[in-house]
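Here's the structure we're looking at; comments come further down.
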Amino acid sequence: MEILMEGEGELLGWHDPDENRKWVLENKSRELRDKRMSVKEAVEKFVHDGDYVAFGGFGHIRIAMALIYEIIRQGKRNLAMAGKTAVHDIDILIGAGSVTKVEVAYAFGHELRGLSPAGRRAVETGQCKVVAEISNAGYQWRFLAGMMGVPFIPSRNMLGTDTLKKSACKVVKDPWSGKPVCLIPAAYPDVAMFHVPRCDIYGNAQIDGILIEDFELARAARRVIITTEEIIDNEVIRAKPYRTAIPFFVVDAVCEVPYGAHPTQMPYLYFFDEEHIGEWLGLSRTPEGTKEYLDKYVFGVKDFEEYLELVGGIKKLNYLKRVEQFREPMRAPWLKKK
Amino acid sequence: MAKPAKNYTPTELLACVAAKMLEDKKSVFVGTGLPMIASMLAQRTHAPNLLIIFEAGGVGPQVPVLPISVGDSRTFYKAVAASSMHDVMSAGQAGHVDYGFLGAAMIDMYGNINTTVIGEHDNPKVRLPGSGGANDIGSFCPRTIIVMRQDKRRFVEKVDFITTPGYLTGPGAREEAGLPEGTGPYRVITQLGVYGFDEETKRLKLLAVHPGVTVEEIQENSSFEIIVPEKVEITQPPTEEERRLLHEIDPTGMAIGK
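Keeping their order, the protein sequence lines are chains A and B. Note that the first sequence covers residues 23 to 360 in this note's numbering. Note that the second sequence covers residues 131 to 388 in this note's numbering.
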């Protein structure tokens, strides 16, 4: 195939498909075994300095926040992160100095809330490097190629743009149509982390609402950590097997963390905590404020339970439930600036 | 016809003009903010069967209130499907989505959009969020509508970074690059007017001005020359009913203002 153009972006998390198959055969277990452990243990075991990490969910939706706080608490460094629409997750991890490399489809913005001060400051001062650009569908298809065990997926997006020039993709002439086609390289994150509403002790997980990229990401990643609102019996999984979004054999750790997505949204269960997100957006305007936030909410608490108390406890959590279910309007400090 | 409202804000006007561009029984990929409001307004007025699709997997929702994010649970409220990004992006690539609806920071005369960076990519003056789903939507949709604010710094000769493809360097350039045939930007809507693209040159062309806006103002607020045809329409201002609906859609004023 004739190569017409090659992107200049750094190729994160790509492996020769045979090398990755070998890794999977040697390292992943097909045994139904109890994978429950604490968040602390899961991060110690499966997240390492320099890893290429990705989070399930989307921006501020269904983000495994308990794992993010623990990564910061354990002082993990030089992580490369998939900006596969990564917003609150990546902003805090960059602000804490944990993530120093990003491949960006969407990051540094909080959608309607405005741009993210911490992430932008880090990129504009060179503390965090954007090593490649891509689009949302492009990132999604990196994981699709990964889960399929093929080196790339052909696509018809990004062509002709600087997004492509700064990506790790290549353009070739399609041997059938003769037209230029974009080849999106597979991605196998070292570790992917998800928060789900229900999961059994083996790692069979259900997700309510849109799957976003989680189906493909969980199957492409080498290691998978699941935090779950509740652990359910394996019989519940088997009663409705069509509801399993992530199967146990790709999962390495299961941690039960009620409200584990706070302050992000858990569809049908609780809304974004806009007051808390607003506090982060306000404080992260300066490096001092960022430190103040992390000292208070990450280093100042021993675990996620203590954190939930600190952010407002049961009263706040019940309010977030009511907002998600349209029983109360949301409160958001950033609205005042609109 | 309903009487125009006495007072309205530029954002309300933008949302109403944008809503009118969407057709009933067609499908549209919707981005965050004004595109969402406009699509929701269209669904509540002339286009009840508008098929709204969100890039994170919401398909055909009846969105109750303005979502904060394109992945928010509001984007699959009473939807026909809550699927995945792979599903909806593939649908777009395969030709199932008629309209794209995007916001933009900067645009050039060929409708190329920048939402990635101001200044040099590797040494940015301002880092913006990047493509998100915009490049995909702009690549795949037969008709992409762009809503944005217009001034000399946003309507630029050359964008610092082409995040999302317009007509690239002119006629034939999209096809030459390998983008799907018959796709590209369709309309640009700003606080001053509505633009299309000249058939022959694929350059930005004025179609209509908003009430009270002159052609001179249109040109003064652009760093490149805009094609001005002999006949320029005047857009319809919002009606009281449309204004009421806008604030019902966005009760907290997140995107429409107070």
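For each residue, glycine too, the CB sits at the ideal point set by N, CA and C.
Query: Start-to-end residues for the beta strand (DSSP E) that takes in Y229 (chain B); Result: 229 to 233
Query: Proximal chain D residues relative to K358 (chain A), where beta-carbon distance stays under 8 Å; Result: Protein chains in the displayed structure are A and B, and chain D is not among them.
Query: Below-8 Å beta-carbon distance, T107 (chain A) vs any chain B residue; Result: yes
Query: Expected contact under 8 Å - CB spacing of K335 (chain B) and P359 (chain B) to nearest Å; Result: 7 Å
Query: Rounded Cβ spacing between Y74 (chain A) and A127 (chain A) (contact assumed at less than 8 Å); Result: Not really, about 15 Å apart at Cβ, beyond 8 Å.
Query: Cα-Cα separation between G296 (chain B) and I232 (chain A), rounded to whole angstroms; Result: 30 Å
Query: CB contact below 8 Å: S214 (chain B) versus chain A; Result: yes
Query: Residue environment, G222 (chain B), which counts as buried when at least 16 other CB atoms sit within 10 Å; Result: buried
Query: Under 7 Å (Cβ pairs) to chain B, residues found in the stretch 79 to 92 of chain A; Result: F80, G81, H82, I83
Query: CB contact below 8 Å: L303 (chain A) versus chain B; Result: no
Query: C-alpha distance - F231 (chain B) paired with A148 (chain B), whole-angstrom precision; Result: 9 Å
Query: Identity of the residues DSSP links to A102 (chain A) by a beta bridge; Result: A:Y74, A:K123
Query: Beta-carbon proximity list for F271 (chain A), same chain, < 6 Å, skipping 5 on both sides; Result: R52
Query: Distance between K282 (chain B) and V121 (chain A) (C-alpha atoms, nearest Å); Result: 36 Å
Query: Own chain partners of Q192 (chain B) with C-beta closer than 6 Å, once the 5 adjacent residues on each side are dropped; Result: K208
Query: Neighbour flag for A303 (chain B) against chain A, beta carbons, 8 Å; Result: yes
Query: Inter-residue spacing [alpha-carbon to alpha-carbon] between G300 (chain A) and F80 (chain A); Result: 18 Å
Query: Simplified DSSP assignment, three categories, for E327 (chain A); Result: helix
Query: Beta-bridge pairing of P207 (chain A) - partner residues as DSSP gives them; Result: A:F174
Query: Helix, strand or coil at H298 (chain A) according to DSSP, with G and I counted as helix; Result: helix
Query: Spatial distance of K201 (chain A) from L186 (chain A) (CA atoms); Result: 16 Å
Query: Limits of the alpha helix (DSSP H) - the one that V313 (chain A) falls within; Result: What sits at residue 313 (chain A) in the sequence shown is Lys, not Val. Note, K313 (chain A): alpha helix (DSSP H), 309 to 316.
Query: Assigned secondary structure, F285 (chain B) (DSSP; H/G/I helix, E/B strand, else coil); Result: strand
Query: When A:V203, A:W198, A:P197 are compared against E306 (chain B), the one with the closest alpha-carbon; Result: A:V203
Query: Cut-off 7 Å between Cβ atoms - residues of its own chain near V324 (chain B), not counting five sequence neighbours on either side; Result: V147, R317, L337, A338, T365
Query: Three-state secondary structure (DSSP) of L181 (chain B); Result: strand
Query: Three-state class that DSSP yields for P355 (chain A) in the structure shown; Result: helix
Query: Close beta carbons around G35 (chain A), own chain, < 6 Å, minus the five adjacent residues each side; Result: Y74, A209, Y210, P211
Query: R142 (chain A) to T312 (chain A) span [Cα, whole Å]; Result: 13 Å
Query: C-beta contact flag for Y290 (chain A) and L339 (chain A) at 8 Å; Result: no
Query: The stretch 254 to 263 of chain A contacting the stretch 220 to 231 of chain A, beta-carbon criterion three pairs below 8 Å; Result: yes
Query: Pairwise C-alpha distance: T294 (chain B) and G308 (chain B); Result: 14 Å
Query: Residues of its chain near W356 (chain A), where Cβ-Cβ distance is below 6 Å and the 5 sequence neighbours each way are ignored; Result: R135, G300
Query: Ordered list of beta strand (DSSP E) runs contained in the stretch 279 to 339 of chain B, each at least 3 residues; Result: 315 to 319, 323 to 327, 334 to 339
Query: Contact belief for P259 (chain B) with T245 (chain B) at Cβ below 8 Å, rounded distance in angstroms; Result: 6 Å
Query: Exposure of N49 (chain A), with buried meaning 16 or more beta-carbon neighbours within 10 Å; Result: exposed
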